[in-house]
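Residue numbers (full-length UniProt numbering), protein chains in the order written: chain A, 1 to 422; chain B, 1 to 422; chain C, 1 to 422; chain D, 1 to 422.
All C-beta atoms in this analysis are idealised placements derived from N, C-alpha and C, irrespective of residue type, glycine included.
Fair warning: this is a prediction, and the values are worked out from it, not measured in the lab.
4 protein chains.
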Amino acid sequence: MNAKSRSRLIELRRDLHRRPEIGWREFYTTGRIVEELEDIGPDELYVGREIHREERIRPPTDDQLARARERALETGVDEDVLERVADGYTGALAVLERGEGPTVLVRVDIDGLPQSESEDPDHVPAAEGFRSEYGERMHACGHDAHAAIGVGVLEAVAESDFEGTLKVLFQPAEELGAGAASVVGSGHLEDVDSLLAVHVGLDVETGVVIPGIESFLAINGFEATFEGAPAHAGNSPHEGAHAIQALSTAVGNLHAIPRHGDGATRINVGVVEGGTATNIVPESASLQGEVRGATTELRNYVEDHAARVLRSAAEAHDCEVDVSFRDGAPSAECDDTLVDAVSAAAAGRDATVTPDEGDALGGSEDATRLMRAVQRSGGDATYVGFGASNPTGHHTATFDVDEAVIPLAVDTLADMVRALSA
Amino acid sequence: MNAKSRSRLIELRRDLHRRPEIGWREFYTTGRIVEELEDIGPDELYVGREIHREERIRPPTDDQLARARERALETGVDEDVLERVADGYTGALAVLERGEGPTVLVRVDIDGLPQSESEDPDHVPAAEGFRSEYGERMHACGHDAHAAIGVGVLEAVAESDFEGTLKVLFQPAEELGAGAASVVGSGHLEDVDSLLAVHVGLDVETGVVIPGIESFLAINGFEATFEGAPAHAGNSPHEGAHAIQALSTAVGNLHAIPRHGDGATRINVGVVEGGTATNIVPESASLQGEVRGATTELRNYVEDHAARVLRSAAEAHDCEVDVSFRDGAPSAECDDTLVDAVSAAAAGRDATVTPDEGDALGGSEDATRLMRAVQRSGGDATYVGFGASNPTGHHTATFDVDEAVIPLAVDTLADMVRALSA
Amino acid sequence: MNAKSRSRLIELRRDLHRRPEIGWREFYTTGRIVEELEDIGPDELYVGREIHREERIRPPTDDQLARARERALETGVDEDVLERVADGYTGALAVLERGEGPTVLVRVDIDGLPQSESEDPDHVPAAEGFRSEYGERMHACGHDAHAAIGVGVLEAVAESDFEGTLKVLFQPAEELGAGAASVVGSGHLEDVDSLLAVHVGLDVETGVVIPGIESFLAINGFEATFEGAPAHAGNSPHEGAHAIQALSTAVGNLHAIPRHGDGATRINVGVVEGGTATNIVPESASLQGEVRGATTELRNYVEDHAARVLRSAAEAHDCEVDVSFRDGAPSAECDDTLVDAVSAAAAGRDATVTPDEGDALGGSEDATRLMRAVQRSGGDATYVGFGASNPTGHHTATFDVDEAVIPLAVDTLADMVRALSA
Amino acid sequence: MNAKSRSRLIELRRDLHRRPEIGWREFYTTGRIVEELEDIGPDELYVGREIHREERIRPPTDDQLARARERALETGVDEDVLERVADGYTGALAVLERGEGPTVLVRVDIDGLPQSESEDPDHVPAAEGFRSEYGERMHACGHDAHAAIGVGVLEAVAESDFEGTLKVLFQPAEELGAGAASVVGSGHLEDVDSLLAVHVGLDVETGVVIPGIESFLAINGFEATFEGAPAHAGNSPHEGAHAIQALSTAVGNLHAIPRHGDGATRINVGVVEGGTATNIVPESASLQGEVRGATTELRNYVEDHAARVLRSAAEAHDCEVDVSFRDGAPSAECDDTLVDAVSAAAAGRDATVTPDEGDALGGSEDATRLMRAVQRSGGDATYVGFGASNPTGHHTATFDVDEAVIPLAVDTLADMVRALSA
């Protein structure tokens, strides 16, 4: 990649880093990406609603949409794009048609996380002035770099001798476990021969390429709302049914669900809220969490236990509880042939190619839904990792990526795409 | 009381019931009361900042003030009054000067609670159309009736042969345990010979008067914020320090603090909040609660245990915790002479006069601060209860008072005030 | 009382203090008391089975009886007495018949507690050489003094001009909440006109007499056994159902049952046991506890909550639970006439007579069963307390009584008995 | 193997199954094994103390030894053997010296578990009359079959053309994580060239041989005793410090220690005990548990968290806690050369040879101490598994092994031993 492209992609990544947006509200993000894509000039460009089926997981509320739209307007998003995504169907899909040949889909995700970014001067985005400008919002998982890489790959392949069709999917709402599911029903995957899903970071150093990560945990989210009975906390605590005590009993026992002898499981209560005043026995309290497992069965084991724990915690405190689990992502397997092909391409790029490092990754990814959909249609899929020497773990306030990963990933992915058409 | 006054006071109570406001934000409430007071024409009328010292417990945030002001404007509050209370110093004090004689202070409180009111058709305010118009706000402790009674007493005494000085204090922010404290430093109490604090309801039927309630529990509030470490809940839960687990361990153990053999204690965690996303080990979580005891010593016993429980819960989950207790209200004793005097006056009104029913009440009241301040200056104080056949407990969604208590309390209190000047 | 009697009673108390025995196993204790009683020569003397109906609460196991019998033999108990109590029906009842007159029953209890006694040199029994000789056994509630007082009263009344019938009941198994219940069905209470139940200590100083304690809490005991499923803790923890996790969830939530606004409640899990090995998920765990309340209703409130908490804790961990509550003791009221009579007698003895100090006592007593039985038959009952300057609380390792209470209580009780025959 | 040998070994296994003994108390077991060994006539036979250094992990108490000795006498153990093991150093080591050649050690373990065996008629030992005759004792991990296999291997090799030295170690106290440690310092391992540790079952079917299991979890045990303050649970619960509440808080939080992203961890509280009476706030309570990890680092992670949880749980309830961790077993790696050699030998026996099935095993083994010791001295080691179609998991009440594994393992191990001398 030439220095100019490189600078432009890094600039793009930093711009997105400054304005992280939560899933289904990537208004500025989608606008900025579309702007870059239009410069390159794909043969087709689908935006927002055009890449999704109608039904979505965890759609945003009207209030959330309104606030996000307002903020996006202030940052000068192209109003035409904004209109196309304003109902909360975000993301984009660019298509290059270069004659006969296979159809390759490169998938990157673009959403940020609801957390605050560090102000520590050792944190590069803080030191170099591209720290998040939004409170409680951060690109703490590298999706800003992903977006830049997606743009770069489109450009690199466009300038190459590739024969076939390249689709680059800028998928929204990955952190919500939501974005991939509605792309699956959109009609854009049926003709895909090879899917390359991409991630950077992974606690692996820059220069290392993992051609086929298989260790994603299956995941489901859940919500529970406890309903008790209010009472004056001073003169009649016995007349109450304490929703926060029920919630707390649940939290303790959820995290104490027995580990499973057959493989990794996870549980996390990530959000709680309840009560209205110190002198009222709280009538209502709710929590949100997630369960994961190395396989769907292991995830289901945790889910079954969690449902029982939630019910019994409510009963212990004479409360009712409403529990709902929502579809997350399954596990998925990479196709050996495709892994071998991308592995060979990476080896030509002076990268250290390593096999999957296994359990150490332990995250989840809704890309597994795309992989399964492509495989069901007869295509192959793999999940490619690029080390980026991240100084601290994903989802932490000082997460960052070595920007050298951007040109490296662009070049390597472009090689991979071209190798698949050979 | 004549039928007209009676109708007017009931109308006032219902109007306030429709628009309950949280402590330090009683903008509409203060405006409406001032309007009524001006009709009566007291000799002096202090509003807002004029009845408080500067330093306050639990002052409102700028955001809260702004939203409350906006809502008050929409409801047509007199802009002059609104200006005088707009910085969040609310409430009013009306003074009648009727020549030589003792100074008597009647104190009523005026704030609502942050909870939703029932829509049940058996709930009188719902059936008769004066249910709260504000979500998550309710007069669930009878302070709407208190305000009406305060207005009525001023009017009744103004029309009587009373000799001396009557002050009627419309105190804000009782539910926050905050309003009385800043009145204490205001200079309005030093000359008070007799203080009559008033409450209706108390799970006692209409027609019963308790001339000296002594069973208020001493109370303090507390807040605790747990700070842990965020981490990706899937691939590195071990790198997190889970603030919500710490909070939950605390909640369970706080409510399990041993009962005390020497008398009643209470603890309530009334509000919790924490975390940002299901896939992030939560970095931060906070709770708000209160401790009570039949005496200051018993309250302190619970407080000491609570502080230790909060610290150890943080330690268990490798978190830090910031704990703060804030001054609530002490216990207080009624003066026998005054109790006897008001008891005699009540007996003349066909009321059933009963002594304090003791522990069964079990609430707390920041009126105890006013009582102690008056007693320190050499005056006497008592806390007078008027039964009002409340159908369900204080602080519940179906709390209501029998409005017959309003004229009864006005007449009886006016008799008491006059008896004190005899 | 003369010095000789005094010395003898103190010697008796110290001898019993050295050999504390658990309820239904007071073999040495009963033997020693019978020996003293035979010296006095009552008109009738009932021992062991003769004072109980057959059915008992918490009878001892055969093993417990065998071990207790063996130990008693070693200490030289009269074999004839031992035979009469060997099946675990312990205690004695001595009767004086002195012509026409009322029947008065003085009731003392005689059992010890399953706890270790302090070796602290400041602890009088340790310093003076009459500390418990049995590990995990202690007279930590003054029943050793009670036995001595009972003997003293029989002797003092025998030597007096009393006219009527005096019964002195040496009741076993009070600490188990068991001894009184089977005396109730024995036929010894039907003719009692006045019952005086006795206790020393009470955190009140020597010289103070409380003629009618009414603040005993109603009490019930409970046991719960959790049954889960065992599993290898290393390779298949997911196949287990963890009985100790269920038990622990229960303990936390039991102690966190909301306090009651209407009066004092108590809950205590006093004994737990579970599991067999560190590498097996524990299949079974059990707990024993008790609930109390200022009234039967308050006790039942705690009991109902406890039952629900136990069930839900089992469910949370996929266990079964078997819960049983057993009859404890109700609350009881002293008869005013009798209280006045004993109060007058005490006043003649230079004692400081005080009314019931109320909630501060807060214990429970199965004497309330005897009181209720006597009242049902038309008699009167009261519970008399004698302060004994106990240095630390009842049921602690350094509990002790000022032995001066023994002659004082004997003399005062003898006066009371004689006063009732006047 | 001929039918007679086969019958004899199965009879031996069933005899041991009837009389399971806990570690360091395998008196009958050692006696019975020695009897069989003497029939075969090894060149040297070391018994009890002769195979251990003096210092031991988790030695038995005098009481435990006395009871075990008494029971062993009743079952007719040879008194000479009993004398040699009576101090609780159990187990035996038989040595065959067959000229020049390598020294091979086959290690089997012989202890049972403290749990009850199923009476279900579908459970083979119940149906066929060799169910455990001892309450709360069971061979629920196949060590009865191990002992029989050890005897069989000695016999088969004795009758073969093996050249070299064969040692068969009958190791005690494996379930306590204790037996291997004291063999390490005994001097019997220094000359070992090849160590074959053996286990049957493993949830794998009969006929499958795993030549080198590496997935044993590192393990440590721990004990914690909470010391609080006793108090009368009725009248002064506030004066107590509740050791059982502390214990319960610990149990909940121990099991909720965050899972680790780098691999498997385990924690189990297997035994609890505390308190003395329902009406005393419990002064003391203790627990025993274990922590495991896929590596020593992972185990240490859990251990560090556990120590903090135990301390903070004590603090929450104003108790002291005494925590001790004891050395368990490390993880270990099998030597490839040796694995290949035994693998080849097994293949000749019509066995299905499979590589280690990995995390699914998840147990721990103190054989890893022997493996490390042999490797430190320059020898090779492996851990060989034989499937035995166990119907339910290890450490459950219905665990059993297909006895066909006994001749198969004997023949295969004998082949392996001979192969090593070739």
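Exercise. Find the nearest neighbour of A346 of chain C within the set C:L370, C:V384, C:Q375 and C:E333, judged by alpha-carbon distance.
Key: C:V384
Exercise. Report the residue from D:D111, D:V410 and D:D402 whose alpha carbon sits nearest the alpha carbon of H123 of chain D.
Key: D:D402
Quiz item: Can you tell me whether D359 of chain A is buried or exposed, with buried defined as 16 or more other CB within 10 angstroms of its CB?
Solution: Because D359 of chain A carries a pLDDT of 35, less than 50, the predicted location of this residue cannot be relied on, and no value is offered for it.
Practice problem: Please check the pair E273 of chain B and A285 of chain B, which I expect to be a contact at CB under 8 Å, by giving their CB distance rounded to whole angstroms. | Solution: 7 Å
Quiz item: Exposed or buried, which one is T61 of chain D when buried takes at least 16 other CB atoms within 10 Å?
Solution: exposed
Quiz item: What is the DSSP secondary structure of M138 of chain D, counted as helix, strand or coil?
Solution: strand
Quiz prompt | Distance, L254 of chain A Cα to A344 of chain D Cα | solution = 47 Å
Quiz item: Are L105 of chain B and L202 of chain B close, meaning C-beta to C-beta below 7 Å?
Solution: no
Exercise. Could you check what DSSP says for R131 of chain B in three-state terms: helix, strand or coil?
Key: coil
Quiz item: Which of the three DSSP states, helix, strand or coil, is assigned to Y89 of chain B?
Solution: Y89 of chain B falls in the coil class under three-state DSSP.
Quiz item: Thinking C-alpha only, which one of A:E119, A:V323, A:V47 and A:D336 is nearest Y89 of chain A?
Solution: A:V47
Quiz item: Could you check where the beta strand (DSSP E) with I210 of chain D kicks off and where it finishes?
Solution: V208 to I210
Quiz prompt | Test: A246 of chain B CB closer than 7 Å to a CB of chain C | solution = no
Quiz item: Mind listing which residues of the stretch 393-417 of chain C have their C-beta closer than 8 Å to chain D's C-betas, in chain order?
Solution: G393, H394, H395, T396 and A397
Quiz item: Using a beta-carbon distance below 7 Å, is H255 of chain B in contact with chain C?
Solution: yes
Practice problem: Report the three-state DSSP secondary structure of I267 of chain B (helix, strand or coil). | Solution: If DSSP states are grouped into helix, strand and coil, I267 of chain B belongs with the strands.
Exercise. Can you grab the Cα-Cα spacing for the pair I110 of chain D / T29 of chain D, in whole Å?
Key: Rounded to whole angstroms, I110 of chain D to T29 of chain D spans 7 Å at the Cα level.
Exercise. Mark R67 of chain B as exposed unless 16 or more other C-beta atoms lie within 10 angstroms of its C-beta, in which case mark it buried.
Key: exposed
Quiz item: Looking only at C-alpha atoms, which of A:T103, A:D78 and A:V108 sits nearest to A92 of chain A?
Solution: Of the listed residues, the one whose Cα sits closest to A92 of chain A is A:V108.
Quiz item: If you count every other CB in all the chains shown that lies within 10 Å of the CB of E175 of chain A, and 16 or more means buried, which is it?
Solution: buried
Quiz item: Can you give the Cα-Cα distance for W24 of chain B and A233 of chain B, rounded to whole angstroms?
Solution: 41 Å
Exercise. For G112 of chain D, decide whether its Cβ has a neighbour in chain C, counting only Cβ atoms nearer than 7 Å.
Key: No, because no Cβ of chain C sits closer than 7 Å to the Cβ of G112 of chain D.
Self-check item: Three-state secondary structure (DSSP) of H52 of chain C
Solution: coil
Exercise. Only counting runs of 4 or more residues, tell me where the alpha helix (DSSP H) segments fall wholly within the stretch 288-339 of chain A, in order along the chain.
Key: 296-316
Quiz item: How long is the line joining the alpha carbons of V271 of chain B and M416 of chain B, rounded to whole angstroms?
Solution: 41 Å
Quiz item: How many angstroms separate the CA atom of R137 of chain B from the CA atom of G112 of chain B?
Solution: CA-to-CA, the gap between R137 of chain B and G112 of chain B works out to about 7 Å.
Quiz item: Exposed or buried, which one is T368 of chain D when buried takes at least 16 other CB atoms within 10 Å?
Solution: buried
Quiz item: When you compare only the Cα positions, how much space is there between H143 of chain C and P391 of chain C?
Solution: 16 Å
Quiz item: Would you say H305 of chain D reaches chain C, if we count a Cβ-Cβ gap shorter than 7 Å as a contact?
Solution: no
Quiz item: Going along chain B, which residues have a C-beta under 7 Å from G252 of chain C?
Solution: G252 and A256
Exercise. Could you pull out every residue in the same chain whose Cβ sits closer than 6 Å to the Cβ of L154 of chain A, ignoring the five residues on either side in sequence?
Key: I40, A94 and V168
Quiz item: Which ranges would you report for the alpha helix (DSSP H) in the stretch 366-396 of chain B if only whole runs of at least 4 residues count?
Solution: Residue ranges of uninterrupted alpha helix (DSSP H) with 4 or more members, entirely inside the stretch 366-396 of chain B and ordered along the chain, are 367-376.
Exercise. Quick one: list the residues of chain C neighbouring R56 of chain A, beta-carbon separation under 7 Å, in chain order.
Key: Near R56 of chain A there are no residues of chain C at all, since even the closest Cβ is about 34 Å away, more than 7 Å.
Quiz prompt | Under 7 Å between C-beta atoms of V200 of chain A and A145 of chain A | solution = yes
Quiz item: Could you give the C-beta distance for E163 of chain A and G101 of chain A, rounded to a whole number, given that I count them as a contact under 8 Å?
Solution: 4 Å
Exercise. Could you check which residue in A:A316, A:D411, A:E303 and A:E190 has the C-alpha nearest to that of residue 423 of chain C?
Key: Nothing about residue 423 of chain C can be reported from this structure: the residues present for chain C run from 1 to 422 only.
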